[in-house]
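See below for the structure under consideration.
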Amino acid sequence: MKKQATREAYGKALLELGKQHQDIVVLDADLSKSTKTAEFARVFPERFINAGIAEQNMMGMSAGLAAAGKTVFASTFAVFAAGRAFEQIRNSIAYAALDVKICATHAGITVGEDGGSHQSVEDIALMRIIPGMRVVVPADGPSTGQLLEQLYHRKGPAYLRLGRLAVDQVYAEDNKLELDRGVELKIGTEATIVACGIMVDRAIQAWELLSREGISVSVVDMHTIKPLDQELLIKKAKETGAILTVEEHSIIGGLGSAVCEIVSEYYPVPVLRMGIKDQFGQSGRPEELLQHYGLGVEDIVQKVRNLLEIK
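So the working numbering is basically just the index in the sequence shown, starting at one, shifted up by 7.
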């Protein structure tokens, strides 16, 4: 299957949404070629605003347009969206429960050579702490398109986390996903791997290797980090008795933290977290960085072995 970056899928899906819904307005912070909103701007110039390198102002403009009845999609790099414009997102967008979808690209360490200053590993934590903010991290191109369309129909603020790196396709085009509901991609009995974003495909690859060793694990794509699918998570905790979370984000405040919060409260089982360990990123090739930070497929396999020893 053809590799595709989730930012590429976002650009294409956004254009199709724009053709169907006249209330959609798109804003960008002078990065439309990178965030892939450029095609929307070309086809619908009257519904596109380049706010310039002024992310805080862009979020304020988005709030104003949403208050006037528009559905707004605002895009820039994740480090600038979640970090630089946090206060405007909190007070101007979320506090008023406005219909602004913050679609942030270039998240995580797979931004690559741009280095640690541009590799946001804190954005999920920042966004999920905001009251009423939905947080979504699609795994591939098809899921990006589906979840984006569903976000349009769910009024209120949302944060969609997108990547720069082209990734393998996890879902067929006709697979049906549901916002706020995790997807059990593989069924096993000894442990559950809960992943999001680009790590979902790697979790599946780890599942294949573990299966050859006779180790039976489930794999869950938890594409919606907030609200988390508590029902599925508790079900897997009961069925397998151990959970491993895998994310291209800090283990502090991201998917791993969210899972631990639910499991510890409702059905305590051993949980191990894989992600960035209280560190910044650094410049390098995406695959090399994933290996350096312990997010390779073999790393997941070994961590499952460790989890089973604890269990």
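Yeah, the Cβ is synthetic: ideal placement off N, Cα and C, and Gly gets one too.
Legend entry - Cβ contact check for the stretch 135–144 and the stretch 192–200: 3 or more pairs under 8 Å: no
Inset, instruction - List the residues that DSSP assigns as beta-bridge partners of D37. - result: Partner(s): none; D37 has no beta bridge.
Inset, instruction - Could you spell out where the beta strand (DSSP E) holding Y166 opens and where it closes? - result: A165 to R168
Legend entry - Chain-order list of residues whose beta-carbon lies under 6 Å from that of L158 (same chain, five-residue window excluded): K108 and A165
Legend entry - Three-pair Cβ contact test at 8 Å for the stretch 216–225 versus the stretch 264–284: no
Inset, instruction - Classify H256 as helix, strand or coil using the three-state DSSP reduction. - result: strand
Inset, instruction - Sort I258, H256, V266 and G71 by Cα distance to A244 and report the nearest one. - result: Taking the Cα of A244 as reference, the smallest distance to any Cα among I258, H256, V266 and G71 is reached at V266.
Inset, instruction - Determine the DSSP secondary structure at V207, reduced to helix, strand or coil. - result: helix
Legend entry - E305, buried or exposed, once every other Cβ within 10 Å from all chains shown has been counted against 16: E305 should be labelled exposed.
Legend entry - C-beta contact flag for H256 and I131 at 9 Å: yes
Legend entry - Contacting residues, own chain, Cβ-Cβ under 6 Å from A70 (five flanking each side not counted): S99, I100 and L105
Legend entry - Option nearest A73 by Cα separation, candidates A92, R91 and V33: Relative to the Cα of A73, the nearest Cα in the group A92, R91 and V33 belongs to V33.
Inset, instruction - Could you tell me which uninterrupted beta strand (DSSP E) segments, each at least 3 residues in length, are contained entirely in the stretch 241–295, listed from first to last along the chain? - result: 250–257 and 278–283
Legend entry - Through-space distance from R171 to F287, alpha-carbon basis: So the alpha carbons of these two residues sit roughly 18 Å apart.
Inset, instruction - In angstroms with no decimal places, state the Cα-to-Cα distance between G59 and M65. - result: The alpha-carbon separation between G59 and M65 amounts to approximately 8 Å.
Inset, instruction - Note the first and the last residue of the continuous beta strand (DSSP E) segment covering L154. - result: Run containing L154: none in the beta strand (DSSP E); it sits in the alpha helix (DSSP H), G148 to H160.
Inset, instruction - Indicate the three-state DSSP secondary structure (helix, strand or coil) for R171 in the structure shown. - result: Residue state for R171 is assigned as coil, using DSSP reduced to three classes.
Legend entry - 7 Å Cβ shell around F84 - same chain, five flanking residues per side excluded: L38, A111, T112, H113 and H125
Legend entry - Sequence-distant residues of its chain with Cβ nearer than 6 Å to R280 (five each side left out): T252, I258 and G263
Inset, instruction - Check the Cβ-Cβ distances between Q176 and every residue of chain C, and say whether any is below 9 Å. - result: Going by chain labels, chain C is absent from the structure shown, which holds only one protein chain.
Inset, instruction - Assign K183 to one of three DSSP states: helix, strand, or coil. - result: coil
Inset, instruction - Kindly indicate the opening and closing residues of the alpha helix (DSSP H) around I131. - result: Run containing I131: D130 to R135, per the alpha helix (DSSP H) assignment.
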